[in-house]
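Asks: Note that the sequence shown covers residues 151 to 503 in the working numbering.
Backbone N, C-alpha and C define an ideal beta-carbon position, used for all residues, glycine too.
Predicted, not measured: the structure shown is a model, and the values here were computed from it.
Handing you a structure now.
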Amino acid sequence: MASSTTTTTPLAYHITKTNTPLLLDGGLATHLERLGASFTDTSPAQRLWSASLLSTNPALIRQAHLDYYLSGADVAITASYQASTRGLREGLGVSEDEAVALVKLSVECAQKARRDALQILREKDTRERQLYVVGSIGPYAAYLADGSEYTGAYDPVPSHDEMKAFHRPRIQALRKAGADGFAIETFPRLNEIVAVMEVLAEEASDVPCWISVTLDSTGTTRMADGTALARLSETVRGNRQVLGIGVNCVARGVVTKALSVLRGSMRDWTEEERKALVVYPNSGEVWDGARKVWMKGEGVEGGKSTEEWMEEWVGRTWQHGKGERMIIGGCCRVEPEEIGRMRMWLDGEYARK
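In structure tokens form, the structure reads like this:
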């Protein structure tokens, strides 16, 4: 899908021009639980997970964002992953207007945390960083709340127009609230990505975004719906609004191969066409959608330290004398301390370059 849109925002500049990886936050719901939230009851609101707190405890969301900023994250991803207006209406019994206001509140929570973080960093005389607020756009699977982010098995599969209608109100609300960008994240199906790209072009063509997907059971070269990662690359080639593509909420051990496939798919692209590589894996545990629990997987470190993974994903590209556009962070079960270790590695690595 081609696009003539050229994004010139500060976030777009960071991703495309600074040649410095953009560091994301980690698992929002994970840290909210650590701060005292509970997502274990069976009420309709619990299908919304962290988004349910937009109506009951937005201050806790602000605190979680602040903790990630202070740990070293450049980006806070909003608590709107599950917050489709349809999901909010059904889960909380609110009107469409009230649902839209809650989506906007997700951006406002992160914006307030950013202001607080910048003030704290100034008071500490810490080198000031540019901080960003990125609106999370979760897949239809997040509304279903059945774990189909990891399978793509929607039953039934919405039509193209239904997909667009589902995503449009949230995209409109995030844009109006002033999100610096969009994270189209944890998407298992290519047809849904195409629908969202169309809505973005229609409703928010001046806002940059990245797209990250989940992988099938082989865990390396295909999306959860079986689509080859190379086909994802080709789908976004020429779209200037999409600044990055990659994977999220996958185990660390599969990231290197996925990045290799994506690099290879862009080998013959022009510099203008090339996308940043996006990677924010989970802890290695596996989500059981039926039981709503995390199951033991490869473990938090996946057999390697955070620093070793950072060297593998980021550092090796610098050994050849040229950096690579990257967007990197953590997803489920990754906490501020882990993001802090990533920040320390990045600051140390780039001080040597």
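Rounded to a whole number of angstroms, what is the C-alpha to C-alpha distance between TRP463 and GLU474?
Replies: Cα-Cα distance, rounded: 10 Å.
Asks: Excluding the 5 residues flanking ALA195 on each side, which residues of the same chain have their C-beta closer than 7 Å to its C-beta?
Replies: Correct list, in chain order: SER202, GLY241, LEU242.
Asks: Just to confirm the assignment, what range does the beta strand (DSSP E) spanning MET476 have?
Replies: Looking at the DSSP string, the run of the beta strand (DSSP E) that includes MET476 is 476-478.
Asks: Just to confirm, is the Cβ distance from VAL283 to ALA329 under 8 Å?
Replies: Cβ distance < 8 Å, so VAL283 and ALA329 count as in contact.
Asks: Around the C-beta of GLU487, are 16 or more other C-beta atoms found within 10 angstroms, so that it is buried, or is it exposed?
Replies: GLU487 comes out exposed.
Asks: Taking the CB atoms as reference points, tell me whether ALA327 and VAL257 lie closer together than 8 Å.
Replies: Against a cut-off of 8 Å, the Cβ pair of VAL257 and ALA327 comes out as a contact.
Asks: How big is the Cα-Cα spacing for SER309 and LEU271?
Replies: Rounded to the nearest angstrom, the two C-alpha atoms are 47 Å apart.
Asks: In whole angstroms, what separates the C-alpha of MET416 from that of SER383?
Replies: Each residue's Cα considered, the two are about 7 Å apart.
Asks: In its own chain, which residues sit with a C-beta less than 7 Å from the C-beta of LEU216, not counting the 5 before and 5 after it?
Replies: Here the set comprises ALA263, ASP266, ALA267.
Asks: To which residues of the same chain is ALA295 closer than 6 Å at the C-beta, ignoring the five residues directly before and after it?
Replies: Contacts found: ARG197.
Asks: Taking 8 Å as the threshold (beta carbon to beta carbon), is ARG265 in contact with chain D?
Replies: The chain inventory of the structure shown lacks chain D, comprising one protein chain alone.
Asks: Where does CYS259 sit, in a helix, a strand or coil, going by DSSP?
Replies: Helix at CYS259.
Asks: Please report the straight-line C-alpha distance between GLU461 and TYR219, rounded to a whole angstrom.
Replies: So the alpha carbons of these two residues sit roughly 22 Å apart.
Asks: May I ask you to report which of helix, strand or coil DSSP gives ASN207?
Replies: Of the three classes helix, strand and coil, the one that applies to ASN207 here is coil, per DSSP.
Asks: ALA315 to THR166, Cα distance in whole Å?
Replies: Answer to the nearest angstrom: the Cα atoms are 31 Å apart.
Asks: Excluding sequence positions up to five away, which residues of its chain have a Cβ less than 6 Å from the Cβ of GLN254?
Replies: Sequence check: residue 254 is Lys here, not Gln. Closer than 6 Å at Cβ, skipping near neighbours: ALA323, ALA327.
Asks: Sort out for me which residues DSSP pairs ALA378 with in a bridge.
Replies: Answer is ARG372.
Asks: What does DSSP give as the partner residue(s) for VAL428 in the beta ladder?
Replies: Answer by DSSP bridge pairing, in chain order: GLY396, ILE477.
Asks: DSSP state of VAL363, grouped into three classes?
Replies: In the structure shown, VAL363 sits in a strand (DSSP, three-state: E or B).
Asks: Could you give the residue range of the beta strand (DSSP E) that holds TYR282?
Replies: TYR282 -> beta strand (DSSP E) spans 282-287.
Asks: Considering only the beta carbon of each residue, do LEU281 and ARG493 sit closer than 8 Å?
Replies: No, the pair does not count as a contact, with Cβ atoms beyond the cut-off.
Asks: If you draw a straight line from the alpha carbon of LEU252 to that of ARG413, how long is it in whole angstroms?
Replies: Cα to Cα, the separation comes out at about 38 Å.
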